[in-house]
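Be aware that the sequence shown starts at 53, since it is given in the numbering used here, and climbs by one per residue.
Below is one structure, written out as structure tokens; comments come after it.
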Amino acid sequence: MYCVKNVTEDLYWVGVSDRRLALFENIYPIPRGVSYNSYLLMDDKTVLLDTVDKAVGGQFIENLSHVLGSRSLDYLIVNHMEPDHCATIEDVVHRYPEVKIVGNAKTFTMMKQFFTFDVDSRAVVIKEGENLNVGKHTLTFAMIPMVHWPEAMVTYDIYDKTLFSADAFGTFGALNGNIFADEINFETEWLEDARRYFTNIVGKYGTQVQTALKKTAALDIEIICPLHGPVWRENLEWYIEKHQRWSTYTPEDHNVLILYASIYGNTESAVNVLAGKLADAGEKNIAMYDVSSTDPSYLLAEAFRCDRIIFASPTYNAGIFPKMETLLTELKAHNFQNRKVAVLDNGTWAASAGKHMKEMVSQMKNMDIYEESMTVKSALKEDQMAQLDGIVEFMTK
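In structure tokens, the structure reads:
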């Protein structure tokens, strides 16, 4: 049975939510599921904007067929060629063999890599700033390469002032009947997923996101239709500002984040003492995570949120505890920068994790690293309290 929603008088959401998928891109936990958004514009010409993942293709075709009714599909605009948005293109082509496919040159290079149908006979190759008139609606196109694939582009409906933003402005989380951000408690219930989506999926490409934001700033936008998550028609400035912060690696909150690994509990005990001292110094909303029990995607998002970070790890195989090393590798891979950092290590003999952690952090841009080294030798002792106080002073000044 079909499930569609009106976005505007002429525009329909024909996407599908998936609550069964455990790992997005087979790596990021999504306990609240994810939506695959597709939009159908009904004008003199009919225009489908992107498709969905193969896993929900049956429901998508039902939605599309219901809205089209007896009409044919004139155009399919492909803003992004990643399989969670393009996997059902061939199904659409087989069902509507006269459809023309709109994309840029890179779009069609990738399309031929994924599919075997005759792409060239259907291709409408567009460039930056070109228009497509489909009746009262005129669509124009802008390229946003590496947000987060090289072929990515956005479509702007001049008539309705609607931006079809590809993977930009998306979020994890299935849509539960309410497709608009103003119909849900976004800031309290969705913002963490939006941050985790951005930082993990797009976070590496801050410079490219900045270029894309400058392009969209030149448009008069009243509605944002992303490929994941709710549609935005109110309070757009607030959500755009969040992306401005994330893409410039600017912290959202003045908070200390403690990320630790602990084998037998001694390193955890040390950072508990440190957290208490930070609280005594006036720090509020201190965040603390065990890197062994928390997925790196959550830790990455928290690192983007907070302005100060303490890394604490035991020495393991003469290096960093593997889970901590994985996290630091993830941070570096996502171009993480602009933070104040302190490190603490633990070792019964030949402690070296602190040295290696500092080396990894120093490879990131604009990191203010506490110069002093602190090593817990097996367990924290009373005579090391002054060293903890030094970390607190550095973090709070």
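Using N, Cα and C, we set each Cβ at its ideal position, and we do this for glycine too.
Asked: Can you list, in chain order, the stretches of the beta strand (DSSP E) that have 3 or more residues and sit fully within the region 165-211?; Found: 175-177, 183-185, 190-195, 205-209
Asked: Per DSSP, which one or two residues make a beta bridge with D70?; Found: V86
Asked: Roughly how many angstroms lie between the CA atoms of N58 and N390, to the nearest whole one?; Found: 42 Å
Asked: Under 6 Å Cβ to Cβ from P278, same chain only, skipping five residues before and after it: list those, please.; Found: S217, F221, G222
Asked: In angstroms, rounded to a whole number, what distance separates the CA positions of L92 and A385?; Found: 37 Å
Asked: For R174, which residues of its own chain have a beta-carbon under 8 Å away from its beta-carbon, when the five flanking residues on both sides are left out?; Found: V145, V151, K152, I153
Asked: Would you grab the beta carbon distance between K213 and D272 for me? Rounded to a whole angstrom, and I think it's under 8 Å.; Found: 5 Å
Asked: Give the single residue among F224, P202, N230 whose Cα lies nearest to the Cα of A264.; Found: P202
Asked: Could I get the ranges of all uninterrupted beta strand (DSSP E) runs contained in the region 110-149, with 3 residues as the minimum, in chain order?; Found: 127-129
Asked: Measure the beta-carbon distance from I338 to N318 and round it to whole angstroms, keeping in mind my assumption that it falls under 8 Å.; Found: That pair is no contact at about 20 Å.
Asked: Taking 9 Å as the cut-off, decide whether the C-beta atoms of H280 and V108 are in contact.; Found: no
Asked: Taking the alpha carbon of R123 as the reference point, which residue from R147, H137, D136 has its own alpha carbon closest?; Found: R147
Asked: Could you check if P149 is buried or exposed, using at least 16 other CB atoms within 10 Å of its CB as the buried criterion?; Found: exposed
Asked: Decide yes or no for the touch test of the region 59-74 against the region 249-265: beta carbon pairs closer than 8 Å, at least 3 of them.; Found: no
Asked: Give me the Cα-Cα distance between K433 and S321, rounded to the nearest whole angstrom.; Found: 11 Å
Asked: Under the assumption that V56 contacts M94 (Cβ atoms under 8 Å), give the Cβ distance between them as a whole number of angstroms.; Found: With 8 Å as the limit, V56 and M94 do not qualify as a contact, their Cβ atoms being about 11 Å apart.
Asked: Based on Cα-Cα distance, which residue from A233, K375, T159, D234 lies nearest to A313?; Found: K375
Asked: For L396, I'd like the list of residues in its chain whose CB is within less than 6 Å of its CB, leaving aside the five on either flank, ordered along the chain.; Found: A364, M426
Asked: Among residues of its own chain, excluding the 5 on either side of I315, which ones have a beta-carbon nearer than 8 Å to its beta-carbon?; Found: P366, Y368, F373
Asked: When the Cα atoms are used, what is the spatial distance from A438 to V199?; Found: 46 Å
Asked: If you follow the alpha helix (DSSP H) that W290 is part of, which residue opens it and which one closes it?; Found: 288-299
Asked: Report all residues from its chain with a CB closer than 6 Å to the CB of T400; omit the five preceding and five following residues, and keep chain order.; Found: S430
Asked: Grab the span of the alpha helix (DSSP H) containing S349 for me, first residue to last.; Found: 348-357
Asked: Helix, strand or coil: which one does DSSP assign to L100?; Found: strand
Asked: What's the C-alpha gap between D219 and E382?; Found: 21 Å
Asked: Whose CA, out of L380, D332, L125, lies closest to the CA of A355?; Found: L380
Asked: With a 10 Å radius around its C-beta and 16 neighbouring C-beta atoms as the bar for buried, classify K410 as buried or exposed.; Found: buried
Asked: Is the Cβ-Cβ distance between M163 and I141 less than 9 Å?; Found: yes
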